[in-house]
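A quick write-up on the structure given underneath.
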Amino acid sequence: MDNVRFTWPGQPRFTLSVEKFAVAKGERVLLLGPSGGGKSTLLSLLAGIVTPQKGRIDVLGSDIAKLPGAARDRFRAEHFGIIFQMFNLLPYGSITENVLLPLSFSERRRANVATNGDPANEASRLLKRLGLPASEIVQHRASNLSVGQQQRVAAARALIGRPEIVVADEPTSSLDRERQQEFLELLFEETGAAGATLIMVSHDETLAKLFTRCVRLGDVATIERGA
Amino acid sequence: MIVFRLALQSLRARWLTALLSVLAIAFSVMLLLGVEKVRTGARQSFADTISGTDLIIGARSGGVQLLLYSVFRIGNATNNMTWQSYKDIAALPDVDWTVPMSLGDSHRGFRVLGTTDHFFKHYRFRGDQKLAFANGSAFSDIFDAVIGADVAAALDYKIGDKIVIGHGLGSVSFLDHGDKPFQVKGVLEKTGTPVDRTVHVSLGAIEAIHVDWQQGAPIPGQSVSAEDVRRMDLTPQSITAMLVGLKTRLAVFRVQRAVNDYAPEPLSAILPGAALQQLWGLVGVAETALAAVSAMVVVTALLGMVTMILTTLNERRREMAILRSVGASPATVLGLLATEAGVLTLAGAVLGTGLLYAGLAISRPWIDRVYGLNLPLAAPTSWELMTLCGIVAAGVLAGFGPAFLAYRRSLADGMTVRV
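Chains as they are written, first to last, in this note's numbering: chain A, 776 to 1002; chain B, 567 to 985.
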């Protein structure tokens, strides 16, 4: 990220500026910052969900800030796996359908899965690795899962088809400490196996020791709140 | 296809509200098409009031007015025509049959028509249907009456009942022909025409009840009994109008011109079909209003659907954010909601049409019997199909409203959903 400047449409007072922020391939980066401090905005910029007014955001060699809308969406589908804080799943889909969702939008990830066999098998393999055995998957609809289980399904969705970058926005904040640890370990294991870069934001400093690098938001970005 | 699948899944998850929206649209579609069916049915029934008659002749007046008083029993004749004129016209070489009509009296609000038994033979309605007797037969005695189906039903008359004809046309007559009561001889089948609301008596009977009257009132001290009147010559001096059937329809304009040029008295001859068209043009405004109202009902139903989609929009912002995060373009989000709206309206339109036809199939005989309205069970007309397509298109278009809102919000939400 170079000289990025971003203002939410309709909220001219809040401006996020990033002078320089870089993540190397394969890193596990924790982005720390207080709640409401612009961490999620930074992730939105990275994943190309929003575009900055100024500056460049270089991801895997492409400046996604310059890409037109549809191309950015395709880029995100191909290269990003995203996990939200909560409400990660489409309530009306089955668990497997939720996991397979990115494949509908990305050809490359479809192809990646195809080398490992059947998409449904890959989904259940990932879910099993993340601690959701097949017996539980068939029993429940996505909306009936506990929050912890939902987060695991979301992780499986983010990982399916081996995207290069996994972005997680406080995925553990709705889990208790024991579960947090367990979830993160599983996530690390799977991103490591896929060779993916993990960028996660949190306000919880105790998680820092688990990551290869920890960045404080205040060190890379300035937030201006105009009067 | 993913859009279509997601739309169906999300609708299935909210099946109750979706079902209600579909029902609302279905009912409105049913109403719209139903009104259209009734409208065309009514128009047809109206045009079918009289058929097989080539000309209606009366004293000179406008075509619509002549039609109104002679066929619909509405309003009064401006003037009578003489019996001599009737005989002259009946004697024209092109004329096949004639039916004289004498109006002006009533029985408890129902018009009394003085005519001959030719009326029952030659009057046709709805294509080529003849009048039929539900009970009894045509009049044979001078004081016999044949009543229409509505008269029999409303006043609960049976064969053999005695009725008294009132003078004039009010529902309550202050002057009546109580000295000369009539006997119900026949009851006609329901026709859905003004015949149902008419008391038919012989032409001679109209003369008979008025022998001892002058200037619209009984002549004091000079009453002729019902028995005496039978021995008198009851050939009428004048009649109100006449129905004419021709040997060939080609002669219709020739006879019409002959009547209009008839020297002894000013007469008008009208073609019933043309006059009916003219009259329908007058009532057509109500028809348009009806169509407008049902169109508004459809708009209301579509608004209801949009409201339903809008109310679920907030909880669905997460869904939109998820879709965006896995790479769905804003167009997909837009398409998803528009597709949902389209599926709902399509289902509503299909269901509504189905319900209408089912309802028609069941209630058709009843409607025909009670209202005399013949609603044919025909395939949807091209107009109806066009309307259905229009409604679905409008539904999709209406869905674009919330869809666009969702799209805008999904852009503004970014990664976090601020609910």
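Even for Gly, the Cβ is constructed at its ideal location relative to N, Cα and C.
Taking DSSP as the reference, what is the three-state secondary structure of residue i?
{"i": "A/L985", "result": "helix"}
{"i": "A/S977", "result": "strand"}
{"i": "B/L800", "result": "coil"}
{"i": "A/F850", "result": "helix"}
{"i": "B/D710", "result": "strand"}
{"i": "B/Q794", "result": "Checking the sequence, you will find Asp at residue 794 of chain B rather than Gln. The answer is helix: DSSP assigns B/D794 an H, G or I state."}
{"i": "B/I1000", "result": "Residue 1000 of chain B lies beyond the stretch modelled for chain B, which goes from 567 to 985, so this question has no answer here."}
{"i": "B/A590", "result": "helix"}
{"i": "A/N919", "result": "helix"}
{"i": "A/T782", "result": "strand"}
{"i": "A/K814", "result": "helix"}
{"i": "A/G830", "result": "strand"}
{"i": "B/R984", "result": "Only weak support exists for where B/R984 lies, its pLDDT of 48 falling under 50; the value from the coordinates is given anyway. It is coil, neither helix nor strand."}
{"i": "A/V990", "result": "strand"}
{"i": "B/I622", "result": "strand"}
{"i": "B/L585", "result": "helix"}
{"i": "B/H684", "result": "helix"}
{"i": "A/A1002", "result": "Low per-residue confidence applies at A/A1002: pLDDT is 46, beneath 50, and the placement is therefore not dependable enough to give any value."}
{"i": "A/S819", "result": "helix"}
{"i": "A/F855", "result": "strand"}
{"i": "B/D654", "result": "helix"}
{"i": "A/F880", "result": "coil"}
{"i": "A/V825", "result": "coil"}
{"i": "B/L971", "result": "helix"}
{"i": "B/R883", "result": "helix"}
{"i": "B/V958", "result": "helix"}
{"i": "B/A927", "result": "helix"}
I need the boundaries of the beta strand (DSSP E) containing residue i, first residue and last residue.
{"i": "A/K795", "result": "F789 to K795"}
{"i": "B/S672", "result": "V661 to H673"}
{"i": "A/K903", "result": "A/K903 -> not in any beta strand (DSSP E); alpha helix (DSSP H) instead, spanning P894 to R904."}
{"i": "A/D944", "result": "I940 to D944"}
{"i": "B/Q749", "result": "F748 to L754"}
{"i": "B/N642", "result": "Element bounds for B/N642: n/a, residue is neither H nor E."}
{"i": "B/G758", "result": "Segment: none, B/G758 is in no beta strand (DSSP E) and carries neither H nor E."}
{"i": "B/F701", "result": "Going by the sequence as given, residue 701 of chain B is Asn instead of Phe. Unbroken beta strand (DSSP E) run through B/N701: F699 to G702."}
{"i": "B/V810", "result": "A807 to L812"}
From what residue to what residue does the alpha helix (DSSP H) around residue i run?
{"i": "B/S627", "result": "That residue, B/S627, is in no alpha helix (DSSP H); it is neither H nor E in DSSP."}
{"i": "B/V851", "result": "P838 to L879"}
{"i": "B/R823", "result": "V818 to N826"}
{"i": "B/H776", "result": "L769 to H776"}
{"i": "B/R571", "result": "I568 to A579"}
{"i": "A/G836", "result": "Run containing A/G836: none; DSSP gives neither H nor E here."}
{"i": "B/N940", "result": "Run containing B/N940: none; DSSP gives neither H nor E here."}
{"i": "A/V804", "result": "Careful: A/V804 lies outside any alpha helix (DSSP H), inside the beta strand (DSSP E) at R803 to L807."}
{"i": "B/A720", "result": "A715 to L721"}
{"i": "B/I725", "result": "Segment: none, B/I725 is in no alpha helix (DSSP H) and carries neither H nor E."}
{"i": "A/L875", "result": "I870 to L875"}
{"i": "A/F958", "result": "R952 to A969"}
State yes or no: is the C-beta of residue i within less than 8 Å of the C-beta of residue j?
{"i": "A/A983", "j": "A/L807", "result": "yes"}
{"i": "A/L818", "j": "A/V976", "result": "yes"}
{"i": "B/V767", "j": "B/V678", "result": "yes"}
{"i": "B/M808", "j": "B/Y652", "result": "yes"}
{"i": "B/M647", "j": "B/L812", "result": "no"}
{"i": "A/R847", "j": "A/D838", "result": "no"}
{"i": "B/I772", "j": "B/P747", "result": "no"}
{"i": "B/V865", "j": "B/A972", "result": "no"}
{"i": "B/V821", "j": "B/L621", "result": "yes"}
{"i": "B/R763", "j": "B/L721", "result": "no"}
{"i": "B/T806", "j": "B/S672", "result": "no"}
{"i": "B/V750", "j": "B/D727", "result": "yes"}
{"i": "B/A894", "j": "A/F855", "result": "no"}
{"i": "B/L598", "j": "B/V810", "result": "no"}
{"i": "B/G908", "j": "B/G965", "result": "yes"}
{"i": "B/G901", "j": "B/V569", "result": "yes"}
{"i": "B/G914", "j": "B/V595", "result": "yes"}
What is the C-beta distance between residue i and residue j, in whole angstroms, given that I count them as a contact (C-beta under 8 Å)?
{"i": "A/L876", "j": "A/R885", "result": "That belief does not hold up - the Cβ atoms of A/L876 and A/R885 are roughly 12 Å apart, past 8 Å."}
{"i": "A/N863", "j": "B/I933", "result": "Not confirmed; about 57 Å, so no contact."}
{"i": "A/A917", "j": "A/I870", "result": "5 Å"}
{"i": "A/V1004", "j": "A/V928", "result": "Only positions 776 to 1002 of chain A appear in this structure, which leaves residue 1004 of chain A out of reach."}
Legend entry - Within 9 Å of chain A by C-beta, residues of the region 882 to 912 of chain B in sequence order: R884, E885, A887, I888, L889, R890, S891, V892, G893, A894, S895, P896, A897 and T898
Legend entry - Interfacial residues, the region 569 to 592 of chain B to chain A, with Cβ spacing under 7 Å: Q575, S576, R578 and A579
Inset, instruction - May I ask you to list, following chain order, the residues of the region 878 to 889 of chain A that have a beta carbon less than 8 Å from some beta carbon of chain B? - result: S879, F880 and S881
Inset, instruction - Scan the region 810 to 825 of chain A for residues whose Cβ lies nearer than 8 Å to a Cβ of chain B and list them as they occur along the chain. - result: S815, T816, L818, S819, A822, I824 and V825
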